[in-house]
Every structure is written in C-alpha cells, then in structure tokens.
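If you're matching positions, the sequence shown starts at -11 in our numbering and goes up one per residue. Working notes for the structure below.
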Amino acid sequence: MKNKIKYYIFSLLVCHWVSFGQSKVKSDFEGVSPIEWSKKMADSDQKRTPNPVFLDGVKFPKWNYTNGLVTLANQKLYDYTKGQKYWDYSLAYVEQLIDKEGKILGGYELEKYSLDLINSGKILFEIYKKTDDKRYKIAMDVLHKQLETHPRNSDGGYWHKKSYPWQMWLDGVYMADPFSAEYGAVFNAPKAIDDAILQAELIQKHTFDSKTGLNFHGYDEKREQFWANKQTGQSSHVWGRAQGWYCMALVDILDFVPKNHPKRKELIQIVQKVFTAVLKAQEKDSGVWWQVMDLPGRKGNYLESTCSTMFVYSFAKAYRNGYVSKAYLKSAKKGFNGILKQFIKENPDNTISITKCCAVAGLGGKNPQDRDGSFEYYISEPIRNDDAKAVGPFIMAGIELQRILDKK
-11 MKNKIKYYIF SLLVCHWVSF GQSKVKSDFE GVSPIEWSKK MADSDQKRTP NPVFLDGVKF
49 PKWNYTNGLV TLANQKLYDY TKGQKYWDYS LAYVEQLIDK EGKILGGYEL EKYSLDLINS
109 GKILFEIYKK TDDKRYKIAM DVLHKQLETH PRNSDGGYWH KKSYPWQMWL DGVYMADPFS
169 AEYGAVFNAP KAIDDAILQA ELIQKHTFDS KTGLNFHGYD EKREQFWANK QTGQSSHVWG
229 RAQGWYCMAL VDILDFVPKN HPKRKELIQI VQKVFTAVLK AQEKDSGVWW QVMDLPGRKG
289 NYLESTCSTM FVYSFAKAYR NGYVSKAYLK SAKKGFNGIL KQFIKENPDN TISITKCCAV
349 AGLGGKNPQD RDGSFEYYIS EPIRNDDAKA VGPFIMAGIE LQRILDKK
C-alpha cells in the first residue's frame, strides 16, 4: 500500500513537472518552435511567390540581391529540415537565371560593378557541390572576377557601385564579402578571404559612431556627396537595416576565415564591439529595434522588422559560434518573441505575413533632397508587408535559434 502511495505521489510530481515544462515551452516563441516558424514563413512566401525570380514584386526575372537573400534562406532551411521544396526553390532561381554556358542573366553586367549583384552568388556554392554543373562554377568565377577588378578607394575599400564613386555603404559588406570569403575557402584563393576581412575593417573604421558605438549608413572618401559630413565623410544617421546587413556580414564572413588566420581574432573583436552597441539599442519593452537607431523614440520613428530579424539572426549565430556571451542569446530570444508579437500577422489563408518592413532606403540621387540620409528621409520611405529583406533573415533567425535549442 505504501509503495502504491509513493508511486502515486511520484506520478503526480512527474505530471506536474512535464506540464510545467510544456507551459514553459509554450511561453517562448508563441508556443511554436523556431524552426516551425521558419518553415511557416518560407511556405507562406512560396505560396505568395511560387517562382523565385519574381520575389520582391519584380515584374521580370532579375538577378537581384533580394531574390538571393530569400533563396539562400530556403537553402539553409533545406540543410536543416531536408524538405525538398526548399532546395527546389533555391535551385529554380539559378536554373532560370544562369544559362548553359554559365552566363548570368536577369540584368547582370560585370561592368556595372555593383556589390548588390554579388549577393545571389552565395547560393551557388551548395548547388555546384550537389549538381557538379560547371555553369555554376563559371558564374561564381565571374562574380569573383568582378570583385578582383572592382573600383576601390585609396585604402582598398570597394565602391558600393561604379555609379556611386568613392562611397562605402554598410549594405555592401553583406552583399559581397561573405561570398568573397567563401570563394576563397572553397577554391583555395586566400586573397579573397583577406579582401573580405579588409572590407569589414575599413567600413568599421570609416563609419563608426563614437557617440553610440553603432555605424553610420555610409562613407564618402572624397566628402563630395551632399549627404556626407565635410569633415568625416560619414552620413548623418544609423539606419537599422544597414546596421543589420553589417552584423549579418560579420558573422557570415567568419564562417570561412581559417582558425589560424592572423586577422580572425581582430574580426571577432569587431563583432563584439559592434554587437555591444546593437544590444544596448534594443528597445527594452518590445525587444525589437528602431528604424533610426541613434534617435530612439523620436516622433515619427518606428520599430522596424527587417533590422530586427537581422539582429536576431546575427546574435543567435554569434552566440552559437562562441563569439559573444549568453546575454546575446537572451537578447535574440527576446527579439524573436518581440518580432512574433509586434510584426507577425496570421492571414485568412493560413499563411503568415511580416509587417512594418521599410521597403527601401539609400543615399544620394540627382537632387539634394533625394535620399539625403536625414532622419526625415529614413522615416518617409514606404512601409510594407512581406519584404524579402525581412522574410529571409526571419527564416535564418529561426534556424539559428533552433540549432541552439537542439544542443540543450
């Protein structure tokens, strides 16, 4: 009888412990695992845009960084889940935009010297490895050649585009340098890795804001652009997504920097310095981040989803790889929960959408009132749902968080 009572009490304790554990899981990520959120977002986006060449609302097939961002996220989702449709989505993009001779279609021209046009090349490494189709190697070689001959500032920094002379933008570090580092690692081209590290060092040097520890959107070596400070060459404000591109670039470049590389520790120190400032800028109540990060709470400013997804991805990956402390995992979890509460919307057709995406922002134009880098400019750009620049990093953020949870 006593044994039966003990067993009964033990059973109650076990049931209580299990139910407590389940409720704890449900309190995180709205009761759904991070990888399920990633799949839900990818499935929703594929339903909205079945053919990846038309991602981001383009009307004709385009070799574009946004398409590359989403298809890379799908490729990473395939790596984790082995769901064939995610691989097929990535493959469908390059099959349509790289011909049998390896020529990149969809508006790509090497002579444009646009760093944006490098980004889609990131998905080619895995596709070439799996298919052994030489056209993909040819295309990667062309993109690498673009970087080898790309116009540079006097200290070696890539121009963002040939049409943007002497300018370095945070965005460009993400577009080009993880590709460059991976090309160097895969095809035994160490200079390509060195170049990727150099770009990160230079952008940190030229865009660092000593007041906030964050990074200004752009830098003009000649101090000629109307948006550039005449003393420093820097733009005026810290734009959330530009900072997000840079954070993602840093952790992605490090994937391909050898452990014994003389600059690896220095690059990790840059990660720690930049991420410290981004962590400090996280909005405490919501867990997400501002569109204009150096003026939090200012009238007209708003909490923005693309940068928030990018920071969560970057923090989670940096923690998983041992570059930063557990404080960043805590921040990433808070940020992901914040994204779910602030930005994720359930649709009648059982898809989900991500809201409050800044559609686009840049620096410069034909007239001084165009894209002047002012606070008023950044908050005036259109806001939309399901922008590729939120969809892709959201998927990747979920994967990174899931990989951490899997280790526990």
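Glycine is no exception: its CB is placed at the ideal position from the N, C-alpha and C atoms. The model shown is predicted, which means the values in this text are computed figures rather than measured ones.
Report buried or exposed for residue i, applying the criterion of at least 16 other Cβ atoms within 10 angstroms of its Cβ.
i: Val6; result: Its pLDDT being 32, under 50, Val6 is placed unreliably in this model, and the coordinates cannot settle the point.
i: Asp394; result: exposed
i: Gln443; result: Residue 443 falls outside the range modelled here, since the chain spans only -11 to 396, and no answer is possible.
i: Gln390; result: buried
i: Ser319; result: buried
i: Cys3; result: Only weak support is given to the placement of Cys3: the predicted model assigns it a pLDDT of 38, under 50, and the value that follows is read from those uncertain coordinates. When all chains shown are included, Cys3 counts as exposed.
i: Ala385; result: buried
i: Leu202; result: buried
i: Glu292; result: buried
i: Gly9; result: Because the pLDDT at Gly9 is just 33, under 50, the model does not fix this residue reliably, and the value given afterwards should be weighed accordingly. Gly9 is exposed by the Cβ-count criterion.
i: Glu364; result: exposed
i: Ser296; result: buried
i: Gln231; result: buried
i: Ala306; result: buried
i: Ser11; result: Below a pLDDT of 50, predicted positions are generally treated as unreliable, and Ser11, at 28, falls in that range; the measurement from the model is reported next regardless. Exposed: under 16 other Cβ atoms inside 10 Å.
i: Ala315; result: exposed
i: Pro38; result: exposed
i: Glu404; result: Residue 404 is absent from the structure shown; the chain starts at -11 and stops at 396.
i: Ser26; result: buried
i: Arg426; result: Nothing about residue 426 can be reported from this structure: the residues present for the chain run from -11 to 396 only.
i: Ser32; result: buried
Hey, quick one: how far does the alpha helix (DSSP H) through residue i stretch, first residue to last?
i: Ile387; result: 376 to 395
i: Ile256; result: 252 to 269
i: Lys133; result: 122 to 137
i: Arg36; result: 22 to 36
i: Ser368; result: 363 to 368
i: Gly228; result: 228 to 242
i: Phe113; result: 112 to 119
i: Lys73; result: 72 to 85
Quickly, what does DSSP pair residue i with across the bridge? List them, please.
i: Ser102; result: Lys149
i: Tyr207; result: Met156, Gln222
i: Trp278; result: Leu291
i: Trp51; result: Answer by DSSP bridge pairing: none, since Trp51 is not bridged.
i: Phe196; result: Asn203
i: Arg466; result: The structure shown does not extend to residue 466, since the chain is modelled only from -11 to 396, so the question has no answer here.
i: Arg372; result: Cys345
i: Ile92; result: Ile86
Could you say which of the options lies nearest to residue i if we only look at CA atoms?
i: Asn52; options: Met29, Val174, Lys27, Ile86; result: Ile86
i: Gln192; options: Ala216, Asn176, Tyr152, Leu238; result: Leu238
i: Arg359; options: Glu83, Thr69, Ser224, Leu112; result: Ser224
i: Val280; options: Val82, Ser368, Glu212, Ile111; result: Ser368
i: Ser341; options: Tyr316, Lys377, Glu83, Gly350; result: Lys377
i: Asp451; options: Asp31, Asp182, Leu57, Ala173; result: There is simply no residue 451 to check, as the chain begins at -11 and stops at 396 in what is shown.
i: Trp227; options: Phe244, Phe167, Met298; result: Met298
i: Tyr146; options: Ala127, Asp129, Ala184, Pro178; result: Ala184
i: Glu89; options: Ser142, Ala61, Met128; result: Met128
i: Leu477; options: Pro22, Thr294, Lys179; result: Because the chain in this structure spans residues -11 to 396, residue 477 falls outside the shown range and cannot be described.
i: Asp44; options: Arg286, Asp374, Asn248, Ile383; result: Asp374
i: Lys322; options: Asn289, Glu271, Gly361; result: Glu271
i: Ile332; options: Asn176, Lys218, Leu60, Thr294; result: Thr294
i: Asp197; options: Ala180, Val262, Lys27; result: Val262
i: Lys396; options: Gln330, Arg308, Leu93; result: Arg308
i: Arg140; options: Ser102, Leu283, Glu254; result: Ser102
i: His194; options: Ala216, Ile371, Glu254, Ala80; result: Ala216
i: Gly352; options: Arg211, Leu60, Ser313; result: Arg211
i: Pro246; options: Gln219, Asp182, Asp282; result: Asp182
i: Lys47; options: Gly71, Gly94, Leu79; result: Gly94
i: Ile327; options: Asn55, Pro284, Val276, Tyr74; result: Val276
i: Gly361; options: Phe214, Gly288, Ile371; result: Phe214
i: Glu18; options: Lys329, Ser142, Gly350, Glu83; result: Lys329
i: Asp143; options: Tyr152, Met156, Lys150; result: Met156
Assuming residue i is part of the beta strand (DSSP E), what are its boundary residues?
i: Ile332; result: 332 to 334
i: Ser341; result: 340 to 342
When the Cβ atoms of the segment 206 to 221 are set against those of the segment 257 to 277, are three or more pairs found closer than 8 Å?
no
With three or more beta-carbon pairs closer than 8 Å as the criterion, would you say the segment 250 to 261 touches the segment 334 to 353?
no
Within 8 Å, do at least three Cβ pairs link the segment 233 to 253 to the segment 155 to 172?
yes
Mind the definition here: the segment 119 to 132 touches the segment 182 to 200 only if three or more C-beta pairs lie below 8 Å; say whether that holds.
no
Would you be able to state if there are at least three C-beta pairs under 8 Å between the segment 131 to 146 and the segment 91 to 103?
yes
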